[in-house]
Amino acid sequence: MPAKGKHRRPKSPRLARTIAVAGVGGVALALPFMGASGVHAAAAPAVATTYAVKAGDTLSKIADAQHVSGGWKKLYSDNRSAIGGDPSLIRPGLKLTIGQKATAPAAKSPATATQASAAKTATASGYTLPVQSASIGTAYKTAGSMWSSGYHTGVDFVVPTGTPLKAIAAGTVVSAGLDGAYGNEVVIQHADGKYSQYAHMSSLSVSSGQTVTEGQRIGLSGATGNVTGPHLHFEIRTTPSYGSDVDPVAYLRAHGVSL
Ligand SMILES: [Zn+2]
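Per my numbering, the sequence shown runs over residues -10 to 248.
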């Protein structure tokens, strides 16, 4: 289970979820690995059963047939390490764990639902996701007192430290380095005049003034700056500076990126 990296906030449904997951941490962390090595049946909780994927199965078909509460998304999140990054690709013979209690009820909050995103990595429009195969943690404009603007000015992609980060489109790096609460960050100016920002990085592989191409690696994700865990904080801005943010998800979608 990936760490739920996010900004520090005093109270929220997501904070409650973090505590709940920590409380059953042994189960939540151990099951995906056991599923991958095929010995899950022996150690799984009594409520869990194993299902072997048949030809023609889809996650939603299995979820319906097995009455998985939470549907295919729950099935996917419970078996994410066995299935991999694309929920539409499940091979016959793959063993899925059904009915494990990996998440607390609070996990039904829309902000924390695992999103099956990121199948597409590049588009005809010249834009791509900043990370491949990531789920969205804290959404854009989430209210919270820890942000000086009063809301979350970007979107958080939940990824472990060391995940390659890519320039969403061609452009010019206008800054690359430490920036307070954002830790190590890169800001890139694009042809349409917008800027993309990538924060909390563990290492940078570009420098200011450098031109980059769509999908070019700009560094690795991390947990530098003000964070509670590793994630990519990603913004789209109308200027290079904080406070000029626009909806980053809407921007990517408008450029043909699926997420
Ligand atoms: Zn963030």
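No residue lacks a Cβ here, since even glycine has one placed at the ideal position from N, Cα and C.
Can you check which of these residues, the options, is closest to residue i by C-alpha distance?
{"i": "Pro76", "options": "His220, Gly143 and Lys62", "result": "Lys62"}
{"i": "Pro119", "options": "Ile225, Thr200, Lys84 and Ile72", "result": "Ile225"}
{"i": "Ser233", "options": "Gln199, Gln186 and Gly208", "result": "Gln186"}
{"i": "Ala243", "options": "Gln205, Thr117 and Thr127", "result": "Thr117"}
{"i": "Trp136", "options": "Pro81, His220 and Val216", "result": "Val216"}
{"i": "Leu209", "options": "Thr39, Glu174 and Gly245", "result": "Glu174"}
{"i": "His179", "options": "Thr200, His189, Ser66 and Met190", "result": "Thr200"}
{"i": "Ser138", "options": "Tyr231, Gly73 and Val144", "result": "Tyr231"}
{"i": "Leu193", "options": "Arg206, Tyr184 and Lys183", "result": "Arg206"}
{"i": "Asp168", "options": "Asp67, Met190 and Gly198", "result": "Met190"}
{"i": "Ala188", "options": "Tyr140, Gly214 and Asp181", "result": "Gly214"}
{"i": "Asp181", "options": "Gln55, Leu64 and Leu241", "result": "Leu241"}
{"i": "Gly143", "options": "Ala44, Ser247, Ala239 and Tyr40", "result": "Ala239"}
{"i": "Ala44", "options": "Gly82, Gly60, Gly73 and Leu64", "result": "Gly82"}
Would DSSP call residue i helix, strand or coil?
{"i": "Tyr240", "result": "helix"}
{"i": "Arg80", "result": "coil"}
{"i": "Asp234", "result": "strand"}
{"i": "Tyr187", "result": "strand"}
{"i": "Tyr116", "result": "coil"}
{"i": "Ser192", "result": "strand"}
{"i": "Gly160", "result": "strand"}
{"i": "Ser247", "result": "coil"}
{"i": "Asp53", "result": "helix"}
{"i": "Ser66", "result": "helix"}
{"i": "Gly60", "result": "helix"}
{"i": "Ala128", "result": "coil"}
{"i": "Ala212", "result": "coil"}
{"i": "Ala170", "result": "helix"}
{"i": "Val13", "result": "No answer about Val13 holds up, because its pLDDT of 39 lies below 50 and its placement is not dependable."}
{"i": "Thr228", "result": "coil"}
{"i": "Lys165", "result": "Checking the displayed sequence, the identity of residue 165 turns out to be Ala instead of Lys. Strand at Ala165."}
{"i": "Ala123", "result": "coil"}
{"i": "Thr47", "result": "coil"}
{"i": "Ala71", "result": "helix"}
{"i": "Thr39", "result": "strand"}
For residue i and residue j, what's the separation of their Cα atoms in angstroms?
{"i": "Thr131", "j": "Arg69", "result": "26 Å"}
{"i": "Val42", "j": "Ile125", "result": "27 Å"}
{"i": "Ala30", "j": "Ala71", "result": "Residue placement at Ala30 is flagged as unreliable, the pLDDT there being 39, under the threshold of 50; a coordinate-derived value is accordingly withheld."}
{"i": "Phe223", "j": "Asp46", "result": "35 Å"}
{"i": "Gly160", "j": "Leu78", "result": "33 Å"}
{"i": "Tyr171", "j": "Gly245", "result": "27 Å"}
{"i": "His220", "j": "Ser122", "result": "13 Å"}
{"i": "Thr38", "j": "Val162", "result": "50 Å"}
{"i": "Val195", "j": "Lys50", "result": "45 Å"}
{"i": "Val57", "j": "Lys84", "result": "15 Å"}
{"i": "Asp145", "j": "Ser66", "result": "18 Å"}
{"i": "Ala54", "j": "Ser247", "result": "28 Å"}
{"i": "Thr152", "j": "Gly73", "result": "15 Å"}
{"i": "Gly133", "j": "His141", "result": "7 Å"}
{"i": "Lys183", "j": "Val147", "result": "24 Å"}
{"i": "Arg80", "j": "Leu154", "result": "28 Å"}
{"i": "Val235", "j": "Ser114", "result": "19 Å"}
{"i": "Ser197", "j": "Thr86", "result": "47 Å"}
If contacts are defined as beta-carbon pairs under 8 Å, then residue i and residue j qualify, I think. What distance do you get, rounded to the angstrom?
{"i": "Tyr129", "j": "Pro237", "result": "6 Å"}
{"i": "Glu203", "j": "Ala158", "result": "5 Å"}
{"i": "Thr127", "j": "Gly211", "result": "The Cβ separation is near 17 Å, so there is no contact."}
Can residue i be considered in contact with ligand 3, in the sense that its beta carbon sits closer than 6 Å to one or more heavy atoms?
{"i": "Asp236", "result": "Absence of ligand 3 is noted for the structure shown, with ligand 1 being the only ligands found."}
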